[in-house]
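Numbering (the numbering used here), first residue to last: 284 to 516.
Using N, Cα and C, we set each Cβ at its ideal position, and we do this for glycine too.
Structure first, then comments.
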């Protein structure tokens, strides 16, 4: 037996060990580090405890409480009168330091305890916030307090179109049934707020205003329907 001749092969581009012929190389070393343990998400915070609004903080001005408690059994005309009386008291409160930033669901001002409670619990569901601009002393700028609009009628008058109100700040109604004569502190008013469309004062030339310094901080309000019935207190 004769062994087969071994054929020599010329070196190729790669020599033993995977190195390129005629070059030198080094093998990089890698350090394997343990992956960090996943961090658990923080536990959810407990829901804030909603403080109940105490009954002592739910008070309204007397005329607004009358509207709230009597509207179901009053005629349409009397409902308007009650609301106009209510708006006068709320308007006058808006001119006082306590202001009328916070109201109930009917847009009626909470009195002092309610304003304080709501100021300490901004966002409370029973505190309807008119915004910081509604606070004293903003009497006529953007966001100032304005009387109610789009109010429903109740009881036997339910189903009538919604009505609204307007007010003169720093004024009072002249005696009698007229809706176009007012006494106003002309150094501060009259400041007109609310929708007067269709009312007797829509035309300024029809309004008579007598100057009276004692009317500062007073309000004259009227409620009714555009081109329809209007009632003052």
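Environment of residue i [buried if 16+ CB atoms lie within 10 Å]
| i | result |
| --- | --- |
| residue 493 | exposed |
| residue 324 | exposed |
| residue 306 | Note that residue 306 has pLDDT 45, beneath the 50 cutoff, so the model's placement of it is unreliable and the number below is only indicative. Exposed, by the Cβ-count rule. |
| residue 337 | exposed |
| residue 344 | buried |
| residue 480 | exposed |
| residue 482 | buried |
| residue 320 | exposed |
| residue 473 | buried |
| residue 418 | buried |
Coarse secondary structure for residue i, derived from DSSP in three states
| i | result |
| --- | --- |
| residue 494 | strand |
| residue 403 | helix |
| residue 374 | helix |
| residue 470 | coil |
| residue 413 | coil |
| residue 443 | coil |
| residue 464 | strand |
Test item: CB-CB of residue i and residue j under 9 Å
| i | j | result |
| --- | --- | --- |
| residue 354 | residue 512 | no |
| residue 515 | residue 456 | yes |
Chain B contact for residue i (CB, 9 Å cutoff)
| i | result |
| --- | --- |
| residue 366 | Here there is only one protein chain, and chain B is not present. |
Spatially closest choice to residue i from the options, by CA coordinates
| i | options | result |
| --- | --- | --- |
| residue 518 | 497, 334, 477 | Any answer about residue 518 is impossible in this case: the structure gives the chain only from 284 up to 516. |
| residue 341 | 431, 447, 391, 371 | 391 |
| residue 502 | 378, 383, 388 | 378 |
| residue 365 | 423, 445, 400, 350 | 350 |
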